[in-house]
Amino acid sequence: MTAPEPKLVIPVVPRNAPKAIVIGAGLGGLSAAMRLGAKGYRVTIIDRLDRLGGRGSSVAKNGYRFDLGPTILTVPDVFRRLWTDCGRDFDADVNITPVDPYYEIRWQDGSKFQIRDSQADMDAEVRRIFPSDFAGYQRFLKDCEKRYTFGFEGLGRRPLNKLWDLVKELPGFVALRADQSVYQHAAKRVKDPRFRMALSFHPLFIGGDPRHVTSMYILVSHLEKEFGVHYVQGGVQELADAMGRVVIDQGGQIIPETTVDQILTKRNRVTGVRLETGREISADIVVSNADPGQTYDHMLRQHTKKRWNKSRLQNSKWSMGLFVWYFGTKGTSDEWSDVGHHTILNGPRYRGLLKDIFDRRLLADDMSIYLHRPSVSDPSVAPKGDDCFYALSPVPNLKTADAVDWEQESAVYKEKMRKVLEQVMPGFAEKIAAEHVLTPDDFKSRYLSPYGAGFSLEPRIFQSAWFRPHNISEDFENLYLVGAGTHPGAGIPSVVTSSEVLNQLVPDAVEKV
């Protein structure tokens, strides 16, 4: 799609403006590049993939287009602020559609629960299925709002790179019981095991174990309630492409299919990057949208790090891996009418399965599946009359000596997944016309993700806020970090918000004489 003329036009940056290199064209890197361009920098984005978006990129097969990563847009306002900062109108450039219900959650006993947009509809749904937990649910909603105000609006949108930034907020963390996990907090408010799952699963969307992730992350429920759940027409790839167009309009440059091997330094400053080809590109500042593990352990391997050294990275808790099966089905757009845009299929276990994935790192025989059917909202993702799906199952990451051998297990696991999906969409496998699979091995090789983790560092309490890799490096005064592994964390709103934090740390460009 061609972007309409913007309401305001930011002049193309002059040739003598300072240079900024952004490593990685994920949504964090693209939003950083946009804001740097608006500040007056000459921006060059370097990415190893053949298309924009990073984990939010796509693959096309036989007329089907599969978003490979994030599918849910919960806070459009972070993009509206981003576009406004660049003198553009987000809603003129990108078409988003609200989704309602947000999700349908299904359990093995046949019960179903829809997360709805209207609070009145939600109240009715809770009263229908969990009547004895309605009062506890109302208290839970108030808890979520408090944590949203404190955590997302108060902390998430500003730098937390100094210890004092954390210390002065400790009373708030204590008052909100940040020491409790998301699951513990849900269990305190409601009694039905199914409802506890429905109120605590959100951390899995950002790579966290609900049994261990700090209860601050129940704020995600309020994000959905406040801003809704949306789908980007054309998929998240279209959103990434629109961001790329803004960067180009600002005078920026995008270099695809190119890997940065090393960040170059001189004393306490970075001076540019060296590519795998050996070519060196100089810069006045460098912003890394690569995983912090890749940034510190590989790109800065020649340096002794003050904080994020090899030992600390190895001893950190990393998010789970993902097994994702993408498939297009022929002539099925009128079938399985009860399967909407987002469906969560619970296996027979919840906490036990989480323990296998995060603690034991065992590939269990049972599974839970997030099923995405974008073709019900966007016919462009599949040929007319056809359907487009992706089925995602959390699995262990590769951080063990006896990690899962996905070359051997991929086909076996896909067959197990097929049997689960056949109960929901009978006969679907016979109608598959295109398919694609990603395993933790692919996350490691495609995205250079440590241990094949799907979402970088897990957002436990001592890996959140100040404890996360900072948006400005402790080692080099002009090296910055954005993306899922930094503050404020994973998920589309957070990775874009990391560029808001960056915006407060990077000085405005001053033209060179």
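Its first residue numbered 1, the sequence shown is counted upward by one per residue in the numbering used here.
Ideal Cβ positions, reconstructed from N, Cα and C, are used throughout, including at glycine.
Just so you know, these numbers come straight off a predicted model, no measurement behind them.
Rounded straight-line distance, which links the Cα of residue j to that of residue i
i      : j      : result
Met243 : Phe476 : 28 angstroms
Asp91  : Asp241 : 15 angstroms
Thr295 : Ser311 : 14 angstroms
Leu322 : Val395 : 5 angstroms
Val501 : Gly272 : 22 angstroms
Ala509 : Ile72  : 34 angstroms
Phe205 : Asn16  : 43 angstroms
Arg518 : Ala186 : Any property of residue 518 remains undetermined from this structure, which presents the chain solely from 1 to 513.
Leu30  : Gln408 : 36 angstroms
Ser445 : Thr439 : 10 angstroms
Asp378 : Gly24  : 28 angstroms
Asn62  : Arg51  : 18 angstroms
Pro131 : Asp143 : 20 angstroms
Asn503 : Thr74  : 22 angstroms
Pro6   : Tyr326 : Residue placement at Pro6 is poorly supported in this model, since its pLDDT is 35, which falls under 50; the coordinates still yield a value, given next. Answer to the nearest angstrom: the Cα atoms are 35 angstroms apart.
Asn471 : Gly331 : 48 angstroms
Gly491 : Pro70  : 8 angstroms
Val482 : Ser494 : 10 angstroms
Ile461 : Asp179 : 7 angstroms
Asp365 : Gly278 : 46 angstroms
Pro383 : Phe389 : 13 angstroms
Trp406 : Gly293 : 22 angstroms
Lys191 : Arg127 : 14 angstroms
Pro4   : Arg245 : Residue placement at Pro4 is poorly supported in this model, since its pLDDT is 35, which falls under 50; the coordinates still yield a value, given next. The straight-line gap from Cα to Cα measures roughly 11 angstroms.
Gly235 : Asp93  : 14 angstroms
Identity of the residues DSSP links to residue i by a beta bridge
i      : result
Cys388 : Gly328
Glu435 : Phe327
Lys19  : Arg42
Gly321 : Val395
Gly272 : Leu264 and Ser282
Phe113 : Ile105
Tyr64  : Lys61
Tyr514 : Missing from the structure shown is residue 514; the chain here goes from 1 to 513 and no further.
Val287 : Val22 and Tyr480
Gly53  : Gly26
Leu73  : His230
Where residue i falls: helix, strand or coil (DSSP)
i      : result
Val501 : helix
Gly218 : With the sequence shown as reference, residue 218 is identified as Ile, and Gly is not the correct amino acid for it. Residue state, collapsed to three classes: helix.
Asp338 : coil
Pro493 : helix
Gln253 : strand
Leu160 : coil
Leu345 : strand
Pro6   : Residue confidence for Pro6 is low, a pLDDT of 35 falling below 50, so the modelled location carries little weight; the figure read from the coordinates is stated next. Correct three-state label for Pro6: coil.
Phe480 : Rather than Phe, the amino acid found at residue 480 in this sequence is Tyr. If DSSP states are grouped into helix, strand and coil, Tyr480 belongs with the strands.
Arg211 : coil
Ser473 : coil
Leu457 : strand
Val236 : helix
Leu300 : coil
Lys419 : helix
Phe201 : coil
Lys414 : helix
Ser333 : coil
Pro405 : Just to set this straight, residue 405 is Asp in the shown sequence, not Pro. Asp405 falls in the coil class under three-state DSSP.
Met425 : coil
Lys305 : coil
Proximity of residue i and residue j at Cβ, strictly below 9 angstroms
i      : j      : result
Asp141 : His222 : A small fix is needed here, since residue 141 is Leu in this sequence, not Asp. Going by C-beta atoms, Leu141 is nearer than 9 angstroms to His222.
Val287 : Ala20  : yes
Gly347 : Met320 : no
Leu354 : Pro459 : no
Phe467 : Leu166 : yes
Gly56  : Val13  : no
His303 : Pro98  : no
Arg106 : Val424 : yes
Ala38  : Cys86  : yes
Asn397 : Gly454 : yes
Gly328 : Tyr148 : no
Boundaries of the beta strand (DSSP E) in which residue i is found, first to last residue
i      : result
Ala60  : Ser58 to Lys61
Pro98  : Ile96 to Pro98
Tyr231 : His230 to Val232
Tyr451 : No beta strand (DSSP E) contains Tyr451, which DSSP labels as neither H nor E.
Residue i: first and last residue of the uninterrupted alpha helix (DSSP H) it sits in
i      : result
Tyr183 : Val182 to Arg189
Pro171 : Leu170 to Ala175
Leu141 : Phe134 to Arg147
Ile129 : Gln119 to Ile129
Gln313 : Note that residue 313 is Leu in the sequence shown, not Gln. Lys310 to Asn315 is the span of the alpha helix (DSSP H), which, as asked, contains Leu313.
Phe358 : Note, Phe358: premise wrong, no alpha helix (DSSP H); not H, not E.
Arg88  : Arg88 -> no alpha helix (DSSP H), and no H or E assigned at all.
Beta carbon proximity, residue i to chain C, threshold 9 angstroms
i     : result
Arg48 : You won't find chain C in this structure, because it holds only one protein chain.
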